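Novice:
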Amino acid sequence: MNELIWIFISALLINNFTLSLFLGLCPFLGVTQRMETAFRLGLANIFVMVITAIAAYILNTWVLIYAPYLRLISFIIVIASVVQFVEIAIKKLSPVLFKALGIFLPLITTNCAILGLALFSTNKGYGFLEGLIYALGAGGGVTIALVLLASIREETRILNIPNVVKGTALNLIIAGILSLAFMGFAGLFGSH
Amino acid sequence: MSIAAGKITISTSPFLHGVDTTPRIMWEVTLTLLPVVAAAYYFFGLAALLLIGATIAGCLAAEYLFLPATKRKSALRDGSATLTGLLLALCLPPGFPLWMSFVGGFVAIGMGKMIWGGLGNNVFNPALVGRAFLQAAFPTAITTWSAPDGHYLSLRGTNLALPFFQGHAVDAISSATPLATMKFDHVAAPLMQLLWGNTSGSLGETSAILFILAGLYLLFRKIINWRIVVSIVAMVVAFSGIFWLMDGSRYPSPLFMLLSGGLLLGTVYMATDLVTSPITPRGLWIYGLGIGFLVVLIRTWGGLPEGVMYAILLMNACTPLINRFTKIKPYGHS
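Residue numbers (the numbering used here), protein chains in the order written: chain A, 1 to 192; chain B, 193 to 526.
#1: Using the three-state DSSP reduction, which class does B:Ser203 fall into: helix, strand or coil?
#2: Measure from the C-beta of B:Asn313 to each C-beta in chain A and report whether the shortest distance is under 8 Å.
#3: If you run the structure through DSSP and keep just helix, strand and coil, what is B:Ser452?
#4: Quick one: using the 10 Å Cβ neighbour count with 16 as the cut-off for buried, is B:Ala232 buried or exposed?
#5: Can you check whether the C-beta of B:Gly453 is within less than 8 Å of a C-beta belonging to chain A?
#6: Does the contact criterion of 3 or more C-beta pairs under 8 Å hold for the segment 479 to 498 of chain B versus the segment 452 to 464 of chain B?
#7: At the level of alpha carbons, what is the spacing between A:Thr37 and A:Leu13?
#8: Express the C-alpha separation of A:Ala135 and A:Ile9 in angstroms, rounding to a whole number.
#9: Report the residue from A:Leu23, A:Thr122, A:Leu4 whose alpha carbon sits nearest the alpha carbon of A:Asn111.
#10: Between B:Asn181 and B:Ile504, is the Cβ-Cβ spacing less than 8 Å?
#11: Relative to the C-alpha of B:Gly480, which candidate in B:Leu496, B:Gly495, B:Gly458 has its C-alpha closest?
#12: Whether or not the segment 80 to 98 of chain A and the segment 108 to 127 of chain A are in contact is what I'm after, with contact meaning three or more pairs of Cβ atoms, one per stretch, closer than 8 Å; do they touch?
#13: Say yes only if the C-beta of A:Thr32 is nearer than 7 Å to one or more non-hydrogen atoms of the ligand SAM, and no if none qualify.
#14: What's the gap between the Cα of B:Glu255 and the Cα of B:Met306?
#15: Is it buried or exposed for B:Tyr502, if we count other Cβ within 10 angstroms and need 16 for buried?
#16: Is the Cβ of A:Leu180 closer than 8 Å to any Cβ of chain B?
#17: Considering B:Gln385, what are the terminal residues of the alpha helix (DSSP H) in which it resides?
#18: Drop a sphere of 10 angstroms on the beta-carbon of B:Leu304, count the other beta-carbons inside from all chains shown, and report buried for 16 or more, exposed for fewer.
#19: So if I threshold CB-CB distances at 8 Å, which residues from the segment 496 to 507 of chain B count as touching chain A?
#20: Determine the direct distance from the alpha carbon of B:Thr274 to that of B:Ile415, and round the result to whole angstroms.
#21: Since B:Pro497 is in the alpha helix (DSSP H), which residue starts that stretch and which ends it?
#22: Buried or exposed: which applies to A:Ile161, given that a residue is buried once 16 or more other Cβ atoms fall within 10 Å of its Cβ?
#23: Could you check how far apart the C-beta atoms of A:Val31 and B:Ala261 are, in whole angstroms? I think they sit under 8 Å.
#24: For a test of the three-state rule: what should DSSP assign to B:Tyr256, helix, strand or coil?
#25: Which runs of the beta strand (DSSP E) at least 3 residues long sit entirely within the segment 59 to 84 of chain A? Give them in chain order.
#26: Contact criterion: CB-CB distance below 8 Å. Does A:Ser151 meet it with respect to chain B?
#27: What residue range is occupied by the uninterrupted alpha helix (DSSP H) comprising A:Asn15?
#28: Quick one, which residues of the segment 469 to 494 of chain B are near chain A if we go by CB-CB under 8 Å, in chain order?
#29: If you follow the alpha helix (DSSP H) that B:Ala324 is in, where does it begin and where does it stop?
#30: For B:Gly393, which option in B:Cys251, B:Cys283, B:Met218 has the closest C-alpha, if you only look at C-alpha atoms?
#31: Does chain A have any CB closer than 8 Å to the CB of B:Val321?
#32: Over what stretch of residues does the alpha helix (DSSP H) that includes A:Asn171 continue unbroken?
#33: Between which residues of its own chain and B:Lys519 is the CB-CB distance below 8 Å, once the five residues before and five after are set aside?
#34: So, with DSSP's three-state summary, where would you put B:Phe288?
#35: What residues in its chain sit with their C-beta under 8 Å from that of B:Leu402, if we drop five residues either side in the sequence?
#36: With distances taken between CB atoms, is the gap from B:Ala319 to B:Ala300 smaller than 8 Å?
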């Protein structure tokens, strides 16, 4: 039980996928103009990550022990089809969200955070439950980062930002300061 | 905010203007820091004054350089950059190289304030942005503490190190801070020593009593919000108190938590920054409680002995969210 909580907190804060490992930066910078959209993208991320964890576990247990050289390609194909599935489901269930996400949902297909999750949990030798908790923590961490950046960006819209840094430059600087702040979690509970 | 009977006097014009302008507040806060500066000089010698000078120079240089971009009139004289530089210097170890302090001051104002549009626009506390930047860029230099030596003209060899040159380590008698001894050896420094300040640490991490007095004065003048101060102190005492009562030999006492490190400096001068704290009363409570919680969390279970800087920066990051969710609804709106 302790182990599971530790895995969750570690993925959520200490080794935050976006702010400590710098994975999945395209949606981080692309879909954070509005907080609602960012939050929903975060939820979509959690969803895809959980499915990725399940898929990675199934692949690792029944397929990749016979053909380990297929790891990368099979992960990519499985993740791509999973995201395709999410896209179809969202299109049907929430046209508004589908419209808001636009190009970014297919972007998750090739998102390094998703592939990173599959590879990390394989490398760490996580079982089914551990992998699932890891995915929840990682997805939650990505959501926290997205929501924080989006809320700050919404605030910057009413500020008197100099023209030279308006747009991506300021976003990257905010992301950098957030990352500096998250360094405070380094080594929490004896991790590294 | 309610306008209760008796709380507000309504009269006809003419009205007198209040005198609390931005420069006035900034210089007043700076003045309350003078005893702390004097204490830093008393404990660490000339190095303290040089460090303060270097960071303020960095801050003013950045303010001057970026001013045209913000399309504002000169803000150099409003004292905010000086205050930021002074606060940044107070979180640096006495043996810190001067050129790094200058860079830190420049980054603090440049990255922490000017690119956001100048004073009043920044989301993060500028001094802490500079400090976090220095911590990430020069992790060794910023964690090399030397004990107070009582020589008023003393410089530390590392103070005059030049950029990109391998400094030769001379005469720097390093000494662990009370928080580090607590964390790694489970030995708490005597409370009286923390109160008067004869401990190792950053320039402003020594004398607790000066910060208590300055804090009381600023509270009395209503320059800092009492809700932030009360909620941080209450949370730190409650959270660390629970663990101290459970196992007093492993966990530090709440009083030690309050008096050691940069907690008082952060509480009085940084968490209460008028610009980067939430605007609603309920938001201020959440903000303060969050800082208190994170400070104890990072100090007790984190990899670093001190977490005040990160706690405040993290809650600064949450401030837009807090403002959003504690918005006050006008009467009559659903």
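Note that the Cβ used here is the ideal one computed from N, Cα and C, for glycine as well. This one's a predicted model, so the numbers in the text were calculated from it and none came from an experiment.
Specialist: According to the data block:
#1: In this structure, B:Ser203 counts as coil in the three-state DSSP scheme.
#2: At least one chain A Cβ lies under 8 Å of B:Asn313.
#3: In the structure shown, B:Ser452 adopts coil according to DSSP, grouped into three states.
#4: Answer is buried; the Cβ neighbour count reaches 16.
#5: For B:Gly453, the closest Cβ of chain A is not nearer than 8 Å.
#6: Contact holds between the segment 479 to 498 of chain B and the segment 452 to 464 of chain B, because three or more Cβ pairs, one in each stretch, are under 8 Å apart.
#7: Taking C-alpha positions only, A:Thr37 is separated from A:Leu13 by approximately 22 Å.
#8: Going from the Cα of A:Ile9 to the Cα of A:Ala135 covers about 11 Å.
#9: For the set A:Leu23, A:Thr122, A:Leu4, the Cα lying nearest the Cα of A:Asn111 is the one of A:Leu23.
#10: This structure cannot settle anything about residue 181 of chain B, because the visible part of chain B is limited to 193 through 526.
#11: The shortest Cα separation from B:Gly480 among B:Leu496, B:Gly495, B:Gly458 belongs to B:Gly458.
#12: Here the segment 108 to 127 of chain A makes contact with the segment 80 to 98 of chain A; the two share three or more CB pairs at distances below 8 Å.
#13: Looking at this structure, you won't find the ligand SAM or any other ligand, since it has none at all.
#14: Rounded to the nearest angstrom, the gap between the Cα atoms of B:Glu255 and B:Met306 is 7 Å.
#15: Buried.
#16: Yes, A:Leu180 lies at the interface with chain B (some Cβ there is under 8 Å from its Cβ).
#17: Unbroken alpha helix (DSSP H) run through B:Gln385: 383 to 388.
#18: The sequence given here has Gly at residue 304 of chain B, not Leu. Taking all protein chains in view, the Cβ of B:Gly304 is crowded by 16 or more other Cβ atoms within 10 Å, so the residue is classified as buried.
#19: Under the 8 Å Cβ criterion, the segment 496 to 507 of chain B contributes Leu496, Gly499, Met501, Tyr502, Ala503, Leu505, Leu506.
#20: Each residue's Cα considered, the two are about 18 Å apart.
#21: Premise fails: B:Pro497 is in no alpha helix (DSSP H) and is neither H nor E.
#22: A:Ile161 comes out buried.
#23: A Cβ-Cβ separation of about 28 Å leaves A:Val31 out of contact with B:Ala261 under the 8 Å criterion.
#24: Helix at B:Tyr256.
#25: Segments of the beta strand (DSSP E) lying fully in the segment 59 to 84 of chain A: there are none.
#26: Yes, A:Ser151 counts as interfacial toward chain B.
#27: For A:Asn15, there is no enclosing alpha helix (DSSP H), as DSSP gives it neither H nor E.
#28: Taking 8 Å as the Cβ-Cβ cut-off against chain A, the residues of the segment 469 to 494 of chain B that qualify are Leu486, Leu489, Ile490, Trp493, Gly494.
#29: Per DSSP, the continuous alpha helix (DSSP H) segment holding B:Ala324 begins and ends at 318 to 329.
#30: Closest option to B:Gly393, Cα to Cα, is B:Cys283.
#31: At a cut-off of 8 Å between C-beta atoms, B:Val321 counts as an interface residue with respect to chain A.
#32: 168 to 182 is the extent of the alpha helix (DSSP H) around A:Asn171.
#33: Closer than 8 Å at the Cβ level, and outside the excluded window around B:Lys519, lie Thr472.
#34: DSSP places B:Phe288 in coil when its eight states are reduced to three.
#35: The residues are Pro227, Val228, Ala231, Gly389.
#36: Yes, they are a contact pair.
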